[in-house]
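Protein sequences appear in the order of chains A and B. For the first sequence, my numbering begins at -4 and goes up steadily by one. For the second sequence, my numbering begins at -4 and goes up steadily by one. Glycine residues also receive a C-beta, built at the ideal position from the N, C-alpha and C atoms. It should be emphasised that the depicted structure is a prediction, and the values quoted were computed from it without experimental measurement.
2 protein chains.
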Amino acid sequence: MANIDSASVRVFSLNCWGIRYLSKHCPQRYAMIGDMLCKEEHDIVLLQEVWSEKDYLSLKKKLACSHPHSHYFKSGVIGSGLAIFSKHRIHDTFVYRYSLNGYPYMAHHGDWFGGKAVGLAILNIGSLTANVYVTHLHAEYCRDKDSYLPHRVVQAWELQQFIRHTSAGADVVIVGGDLNMHPQDLGNRLLRTYTGLRDSYLETDKFDGCEDGLTLIADNPFITKKELGPFEKGIRIDYILFKGSPKADILCDFMCTTKGSVPDHPFPYSDHEALAVKLRLKTKTLTDAGSDNQSKNQDSAAGKVAELVDIVTEARTEVKVGLHCAQRMRYTAARTGVMGLALLILELAIAAVPWLALGAEQPFPRTSFYLLAALCFAILLTTSLLYIFYTMELKSLQGAEDQMRLAVGSLQEKLRGFPLAQPHNPQRRSPEGQEPNAFEPEE
Amino acid sequence: MANIDSASVRVFSLNCWGIRYLSKHCPQRYAMIGDMLCKEEHDIVLLQEVWSEKDYLSLKKKLACSHPHSHYFKSGVIGSGLAIFSKHRIHDTFVYRYSLNGYPYMAHHGDWFGGKAVGLAILNIGSLTANVYVTHLHAEYCRDKDSYLPHRVVQAWELQQFIRHTSAGADVVIVGGDLNMHPQDLGNRLLRTYTGLRDSYLETDKFDGCEDGLTLIADNPFITKKELGPFEKGIRIDYILFKGSPKADILCDFMCTTKGSVPDHPFPYSDHEALAVKLRLKTKTLTDAGSDNQSKNQDSAAGKVAELVDIVTEARTEVKVGLHCAQRMRYTAARTGVMGLALLILELAIAAVPWLALGAEQPFPRTSFYLLAALCFAILLTTSLLYIFYTMELKSLQGAEDQMRLAVGSLQEKLRGFPLAQPHNPQRRSPEGQEPNAFEPEE
Chain A
-4 MANIDSASVR VFSLNCWGIR YLSKHCPQRY AMIGDMLCKE EHDIVLLQEV
46 WSEKDYLSLK KKLACSHPHS HYFKSGVIGS GLAIFSKHRI HDTFVYRYSL
96 NGYPYMAHHG DWFGGKAVGL AILNIGSLTA NVYVTHLHAE YCRDKDSYLP
146 HRVVQAWELQ QFIRHTSAGA DVVIVGGDLN MHPQDLGNRL LRTYTGLRDS
196 YLETDKFDGC EDGLTLIADN PFITKKELGP FEKGIRIDYI LFKGSPKADI
246 LCDFMCTTKG SVPDHPFPYS DHEALAVKLR LKTKTLTDAG SDNQSKNQDS
296 AAGKVAELVD IVTEARTEVK VGLHCAQRMR YTAARTGVMG LALLILELAI
346 AAVPWLALGA EQPFPRTSFY LLAALCFAIL LTTSLLYIFY TMELKSLQGA
396 EDQMRLAVGS LQEKLRGFPL AQPHNPQRRS PEGQEPNAFE PEE
Chain B
-4 MANIDSASVR VFSLNCWGIR YLSKHCPQRY AMIGDMLCKE EHDIVLLQEV
46 WSEKDYLSLK KKLACSHPHS HYFKSGVIGS GLAIFSKHRI HDTFVYRYSL
96 NGYPYMAHHG DWFGGKAVGL AILNIGSLTA NVYVTHLHAE YCRDKDSYLP
146 HRVVQAWELQ QFIRHTSAGA DVVIVGGDLN MHPQDLGNRL LRTYTGLRDS
196 YLETDKFDGC EDGLTLIADN PFITKKELGP FEKGIRIDYI LFKGSPKADI
246 LCDFMCTTKG SVPDHPFPYS DHEALAVKLR LKTKTLTDAG SDNQSKNQDS
296 AAGKVAELVD IVTEARTEVK VGLHCAQRMR YTAARTGVMG LALLILELAI
346 AAVPWLALGA EQPFPRTSFY LLAALCFAIL LTTSLLYIFY TMELKSLQGA
396 EDQMRLAVGS LQEKLRGFPL AQPHNPQRRS PEGQEPNAFE PEE
C-alpha cells in the first residue's frame, strides 16, 4: 500500500440534556461530564443540548488544558445547544440554522425555541483538513402519528445539503450528534446515501457498548418506558458518521458507548448514552487515489444514484404530506380569523344600535361587551401570527420540495450517463432491475 | 500557454424592484425585462426583488425557450426575491438565510419581511463546474446614521462564509446581486478579500455604461435626489463578481450597464441599472496550475492575510457596536415591560381598594380602568416580543463576533507561517510594514 501517513483520532459525542433547573441533576452531571472529558482526552468532543452558555463556559474552563480549542454555536432565542471541544486548532466555523423546527405553540415540546442548527468546525489533523459537524434534529415524540416528520425530513435534507456543499475541500468529514432518527429512517438514509457518510457503529472493527448500539435505553434511570414506546430495549438515534476523500482514507478501529450507568457514580451522564470512536486516518498518495478499480465503481455508482432517486422521491412525498398539512392549518387559521373579525363587527353593530336608535333605554352590557371585544382581538392576533407562521412553513416546505424535484431531475440525467445500468428506462428503475444496494438493512 | 479549452459566458444581473401594486409600472417593466432577456439570451440571469412568485412563473414561461433551467429561492414570509435563469442545466441548489435582516417594526423599510438570503445554483459549463450565487443585502437608508450597518456587516460576513465554504469543489465562482454597499465599504472589502472574488467592473477589458459603473443613478426617473443623498451622480451597489480555481482561469472581456433609460420605451427596467458581463473561462492543464511563480505568490499571500486580519478586526468592531446597541435596546424593552407590569399591579390595587375598604361609595371608573388595563397588556405584549427579538439579534451578533475572533486568531497563526513578511511582530502588522495591498482604492 502507498499510504504514507497515518493518524488516530478519538471522537466523542453526547446529548447532555442540559436544561437548567428542569433536567435532573444537571450541575452534578455537567461536573461528571467535565471530569470524564478531562481524563479521557478525546481529540474531538461534540456536545448537544448544552442549552446554557454558562455551562459551556464552565466546561471550557475545566477543559482548558485537555482541549484548548472550542466553539459554542449560537442561534435562535435560547441557542442551538451545540458545542465542540478540540485538541486540534479550530481554523474556521460556520453554522446553518434549519428552516423548519417544529411549532412555537408546542411549547411543551420546546424544540422551536432551541433554534436547531448544524455547526461546522474546520480543523487540521496533521496534514489533513477535517470538516467536523455537530447537529441535533427535531425530536420524535410519537412515532405512529409523528406530526414533525416533514420537518425532520427537511432538516435531514438541509443537513445533507450543508455537508455536501461545504465538504468539497475537506480531506476527512466527521459528523456527530443526536439525529433523532432510527438507523433506517428516511432522513437517515437520505443523509448517508447522498453524502456517502458511513456509520461508525456499522463500520467499527471492535465494539463495546449497548446491544445493537442503542443510545436511548430502558436501563437508563432518566428514561421512562413511555418514551421508548414499542421499542422496549431502546433505540439508536445518536451517531458518529465519517467519510474520507481522494486524499485520505478513514477507518473505525473501535467504538464504545456508555451502558446506562457510570461506575462509581449514582447516575449516568445524561438520558442519552455517550458515544466514543477511535478513527484511523490514512493519507493517500496520488497514485493510490487514482488506482481504485474503475469498472466496478461505475456499476455501484449507478446503483447508488438509482437508490438516491428513490430516497429523494420518498422524501418529496413526505414533504408534500407536510405541505398539505401546513396548507390546511393556514386555511383553518384564516377561517378562524375571519370569524373573529365577523364577531367583532357584529358586536360593534350591536353596540352601535342602542346609541343610534334606541338611546339609553336599557342598560348597556358593558362588561360582556369588553370581554367579547377582548376575545375577538385575541382571536384576530393569534390567527394573524399563526397565518404568518404557516406561510413561512409553507415557503420552507415548498423550497425543499423544489430543490428535491430539481435534484431528482439532475440525478436521472446522471443515470442516463450509465448506459449499462439503465438501458431502456432511464426515468425510473424497474423493481427487477435493482442495483446492488449500498445500505442493506443494518440491524 | 497550455490552456486547452475556452468558453464564453454572458451573465446578467438586475434588481427588478418588483413589489406588486407598489412599485411603479411593475407589470409593464416585467414585460420589458422578459422581452429583453428572451432576445439577449444571456447564459445566466440573476434577478433580485422578484417578490411575487407569480411574476417569476410568468418570466419562466416567457423564457422557457431561451433559458430552460431556472430556480426561485424561497425563504421568509414573502420570499427572498431571488431567481436564476440559465441556459445550462442547474444540477443542484442551496439557500442560506441571513441570521440578521433589520427589524420587523421598521415596516416602512420592509427588509425584515423579505427574508433576505443568498442562493446557490451549481451548473456545468462545458466540462467546468460553476457555482453561481445570487444575493441581496439589507438596504442602506441613511449613510450618516446607518443603524443597519452591523446587520449588513454580519450579512457580508455570512455571505463570504457561505461562498468560501461551498465553493471548494467549484472550478469557477460567479456572484451577482444587489449588495447595497459602495465599492470600498467594509462589507464589500470583507467579501472580496476573504473570498478572493474579483469585481467585473474593475477587471473588464471594455466597458460601456454609466460613469464609474454606477447602478443607482440620478438620471433614472424612478430615483429621487433624496435617495442618493450626497452622491449626486449616483452610487455603485450592484455587482457581478467572479473567480477561477486551480482548474480554470476566468477573465472579463466586456461589461455594460443600462444608462437610466431603455431605447423605445417610456421608462427603464427598474430603479436600479441592469448589469451584463461577458466572461471567458479557460480550462487550465495540471502543469499550468502548478507553474505560477511561487515566491511572488507567498509575499502577496502574506500581504493579503495581514490585510484580512485588519478588515476582520474592523468588522468585529462594527459588530460590537451593534452588540452594544442591541443590548441597550433589550434593556429598554425590559425596563418598559417592568414599568407596564408595575402600572398594571398599581391599577389592580387601586381597583381592589374600593371593594375591600370603601365599598361602593363612589362610582368605579370602569372605562378608564379597562382602557388602562388594555394599555398595560399591550405594553407587556410588545415589550415581551421585542425582548425575544433583541435576544435573537444579540445571539446572532455574538455568534458572528465569536466566529470573527476565531478567524482573526487563525489568520494570525497563518501569518506566523510567513517568516519574511512578518519577522518581529506577527500579532499585528505595523503601519510601516504594509504589505502590497491587493485592493487599492478603486475609483
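The segment 54 to 64 of chain A makes contact with the segment 79 to 94 of chain A; the number of CB pairs closer than 8 angstroms reaches 3 or more. Scanning Phe7/B, Gly121/B, Val257/B, Gly97/B for the CA closest to the CA of Asp0/B turns up Gly121/B. Residue pairing by DSSP places Arg5/B opposite Lys273/B in a beta bridge. Contact check for Ser70/B against Glu153/B fails: the beta carbons are separated by 8 angstroms or more.
In this structure, Ala125/A places its C-beta atom within 8 angstroms of the C-beta atom of Ile169/A.
For Asp87/B, the enclosing beta strand (DSSP E) covers residues 85 to 92. Around the beta carbon of Cys11/B, 16 or more other beta carbons sit within 10 angstroms, so the residue counts as buried. Contact check for Lys315/B against Gly74/A fails: the beta carbons are separated by 8 angstroms or more. Leu367/B is outside the set of residues whose beta carbon lies under 8 angstroms from a beta carbon in chain A.
Not flagged as an interface residue toward chain A: Val127/B, since no C-beta distance is shorter than 8 angstroms. Minimum Cα-Cα distance from Glu48/B among the listed residues Leu32/B, Ile39/B, Gly13/B, Gln23/B corresponds to Gly13/B.
In summary, the residues of the segment 82 to 94 of chain A whose CB is separated from some CB of chain B by less than 8 angstroms are Arg84, Ile85, His86, Asp87, Thr88, Phe89, Val90, Tyr91, Arg92, Ser94, in the order they occur in the chain. Annotated three-state conformation of Phe226/B is coil, per DSSP.
Counting along the chain, Phe217/A sits inside no alpha helix (DSSP H), nor does DSSP assign it H or E at all. Cys320/B carries a helical assignment under DSSP once its states are collapsed to helix, strand and coil.
In the three-state reduction of the DSSP assignment, Ala243/B falls in the strand class. Beta-bridge pairing by DSSP links Met250/A to Phe202/A, Val272/A. Neighbourhood of Ile383/A in chain B, by CB distance below 8 angstroms: Val72, in chain order.
In the DSSP assignment, Ser65/B falls within the unbroken beta strand (DSSP E) covering 64 to 68. Where Leu41/B is concerned, the enclosing beta strand (DSSP E) starts and stops at 39 to 43. Contact between Asn175/A and Leu132/A holds: their C-beta atoms lie close to 5 angstroms from each other, under 8 angstroms. Along the segment 391 to 406 of chain A, the positions whose C-beta sits under 8 angstroms from a C-beta of chain B are Ser391, Gln393, Gly394, Asp397, Gln398, Leu401, Ala402, Ser405, read in chain order. By the neighbour-count definition (other C-beta atoms within 10 Å, threshold 16), Gln23/B is an exposed residue. A straight-line Cα-Cα distance of about 34 angstroms links Val148/A and Phe262/A. Within 7 angstroms of the CB of Gln156/A, the CB atoms of chain B belong to Phe89, in sequence order along the chain. In terms of CA proximity to Asp194/B, Pro178/B leads the group Glu206/B, Pro178/B, Val348/B. If you draw a 10 Å sphere on the C-beta of Leu406/A, you find 16 or more other C-beta atoms in it, and that means buried. Counting only the Cα atoms, Glu227/B lies some 7 angstroms from Lys220/B. Interface flag for Arg15/A against chain B is unset, since no Cβ pair is found closer than 8 angstroms. For Gly182/A, same chain residues with a beta-carbon under 6 angstroms away, outside a window of 5 residues either side, are Arg147, Val148, Ala151, Met176 in chain order. When the five nearest sequence neighbours on each side are left out, the beta carbons in the same chain lying within less than 7 angstroms of the beta carbon of Ala310/B are those of Val148, Trp152, Leu181, Leu185, Met399, in order along the chain. Contact annotation for Thr377/B against chain A: no contact, minimum CB-CB distance about 12 angstroms [criterion: below 9 angstroms].
Close to Ala163/A, with beta-carbon spacing below 7 angstroms, are these residues of chain B in chain order: Ala163, Gly164.
Around Lys55/B, the same chain offers Ser65 as residues with beta carbons nearer than 7 angstroms, after the five sequence neighbours per side are excluded. For Cys205/B, the number of other beta carbons within 10 angstroms of its own is at least 16, and it is reported as buried.
Scanning its chain for C-beta atoms nearer than 6 angstroms, with the 5 sequence neighbours on each side dropped, one finds around Val307/A the residues Met399, Ala402, Val403, in chain order.
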